[in-house]
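Chains as they are written, first to last, in the working numbering: chain E, 1217 to 1417; chain B, 211 to 333.
Notes follow the structure.
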Amino acid sequence: MSSSEPLADPPREASTREALPVDAKYAGYILEVGPMVPEMLEAGVLVLFGEQAPAELREIAIVHNGRQLAEPITHGDMLVLGNMSCVITAVGGMANENLAELGHIVIKANCASETDLPGEISVEPVVLRVPAVGAELAILSCAVASGQFSASSSSTPAAHTPPASADRLASTSTASIKQRRTPWGFLSAWLNSRRRVTRSA
Amino acid sequence: MAYKAVRVEKGRGGWGGPLTIRPTDEKNLIYCVTGGGIHPIAAKIAELTGAEAFDGFRSSAPEKRIACVVIDCGGTARIGVYPMKRIPTIDVKQSSPSGPLIQFIKEDIFVSGVKEDNIKVIE
């Protein structure tokens, strides 16, 4: 479990629209929604790719401008995509590599404890929705998602120390994941704090 | 330019194929859509055929110029998109047909588990 390590440096390129929120493992904004995304949704998945993806893949994908994976995602983390938020219940063997290198994630809302395919992440069954262009994408660490890290401190980089319970959280079962669902109030506080940070940047 | 053709067979644990990749003056790109730049399998096919290895995540090329595509897919997106477009697809992972586009993934257009040993020049 690496969530106690300091978060990585902000994105290297100055042209990045906004700095990585210090409390997110991955963050960006939705740039495009491909014409075949509704078909993929009908089949139960949302496919995300970074902005370097070639045209063929953009047809089936939600394209975003996230760039840097601060630390590997793990089950128990929270995924925020527009007005949809869900708990990640399993992470496929290729998912972190895909996300780090290509901005690529496949989201399946099947609440599985193991993914069907190595490129997938499973999330707690929510009704998957297609996000709007301009919506936010974020993956929050389980320590943050469990509400133990105050959203108001997000302007002080690496100032927090995730609780010792992070290891315990990372190995919990699906049942206990449900018990520590993030309160909506916390989530909206986090999103609001992000917007403030973005505006002042 | 005269290009050579290669036969690409499935590797151990792989599925599909064999595919014959025969670049032409129009279709002369070995289109690599993997993490980490040009994959060694794409480089090998380019070397053997005389076609050009091309990184799909760095620049764009029209589909009609693609002789074949090399992917390292986790089973959902790339594995289906290129077969759907009837572009010969070579997966370096040991994937079997899966994902929402599974109906397009057929032996005549897709091969997986491919290692360098599975690529042979057709004389």
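For glycine and all other residues, C-beta sits at the position ideal for the given N, C-alpha and C.
Since this is a predicted model, take the numbers as computed values, not measurements.
Using DSSP bridges, identify the partner residues of residue i.
| i | result |
| --- | --- |
| residue 320/B | 299/B |
| residue 1264/E | 1278/E and 1321/E |
| residue 264/B | 241/B |
| residue 274/B | Answer is none; residue 274/B lacks a bridge partner. |
| residue 1302/E | 1295/E |
| residue 251/B | Answer by DSSP bridge pairing: none, since residue 251/B is not bridged. |
| residue 1343/E | For residue 1343/E, which the question treats as bridged, DSSP gives no partner whatsoever. |
| residue 284/B | DSSP output for residue 284/B lists no bridge partner at all. |
| residue 1350/E | BP columns for residue 1350/E are empty, so no partner. |
| residue 1283/E | DSSP lists no partner for residue 1283/E. |
Between the Cα of residue i and the Cα atoms of the options, which residue gives the shortest distance?
| i | options | result |
| --- | --- | --- |
| residue 279/B | 268/B, 293/B and 269/B | 293/B |
| residue 1301/E | 1281/E, 1328/E, 1269/E and 1347/E | 1347/E |
| residue 1282/E | 1292/E, 1266/E and 1297/E | 1266/E |
| residue 1329/E | 1321/E, 1339/E, 1322/E and 1323/E | 1339/E |
| residue 1351/E | 1312/E, 1308/E and 1280/E | 1280/E |
| residue 224/B | 333/B, 307/B, 268/B and 330/B | 307/B |
| residue 317/B | 233/B, 216/B and 227/B | 227/B |
| residue 311/B | 320/B, 264/B and 328/B | 320/B |
| residue 255/B | 211/B, 274/B and 238/B | 238/B |
| residue 322/B | 248/B, 303/B and 329/B | 303/B |
| residue 1252/E | 1240/E, 1297/E and 1278/E | 1278/E |
| residue 269/B | 298/B, 232/B, 242/B and 315/B | 242/B |
| residue 281/B | 296/B, 260/B, 231/B and 324/B | 324/B |
| residue 301/B | 283/B, 291/B, 315/B and 263/B | 283/B |
| residue 275/B | 219/B, 234/B, 215/B and 213/B | 234/B |
For a cutoff of 7 angstroms on Cβ pairs, would you count residue i as touching chain E?
| i | result |
| --- | --- |
| residue 280/B | no |
| residue 308/B | yes |
| residue 226/B | no |
| residue 239/B | no |
| residue 323/B | no |
| residue 284/B | yes |
| residue 221/B | no |
| residue 247/B | no |
| residue 302/B | no |
| residue 253/B | no |
| residue 287/B | yes |
| residue 260/B | no |
| residue 267/B | yes |
| residue 216/B | no |
| residue 291/B | yes |
Please decide whether residue i counts as near chain B, where near means a Cβ-Cβ distance under 7 angstroms.
| i | result |
| --- | --- |
| residue 1334/E | yes |
| residue 1328/E | no |
| residue 1317/E | yes |
| residue 1300/E | no |
| residue 1303/E | no |
| residue 1259/E | yes |
| residue 1307/E | no |
| residue 1339/E | no |
| residue 1263/E | yes |
| residue 1294/E | no |
| residue 1346/E | no |
| residue 1342/E | no |
| residue 1388/E | Unreliable placement is indicated for residue 1388/E, whose pLDDT of 36 sits below 50; the coordinate value is still reported in the next sentence. Not one chain B Cβ lies under 7 angstroms of residue 1388/E. |
Can you tell me the Cβ-Cβ gap for residue i and residue j, rounded? I've got them flagged as a contact below 8 angstroms.
| i | j | result |
| --- | --- | --- |
| residue 1337/E | residue 1304/E | 5 angstroms |
| residue 326/B | residue 240/B | That belief does not hold up - the Cβ atoms of residue 326/B and residue 240/B are roughly 14 angstroms apart, past 8 angstroms. |
| residue 1318/E | residue 245/B | 5 angstroms |
| residue 266/B | residue 1270/E | 4 angstroms |
| residue 1324/E | residue 1261/E | 5 angstroms |
| residue 1257/E | residue 287/B | Rounded, the Cβ-Cβ distance is 13 angstroms, inconsistent with contact. |
Using a C-beta cutoff of 7 angstroms, does residue i count as contacting chain C?
| i | result |
| --- | --- |
| residue 1322/E | Included in the structure are the protein chains E and B, with no chain C among them. |
task: Can you give me, in chain order, the residues of the stretch 1268–1284 of chain E that have a beta carbon less than 9 angstroms from any beta carbon in chain B?
output: Shown in chain order are the members of the stretch 1268–1284 of chain E whose Cβ falls below 9 angstroms from a Cβ of chain B: 1268, 1269, 1270, 1271, 1272, 1273, 1275, 1276 and 1277.
Selection of the stretch 1241–1257 of chain E by Cβ proximity to chain B, strictly under 8 angstroms: Listed by position along the chain: 1255 and 1256.
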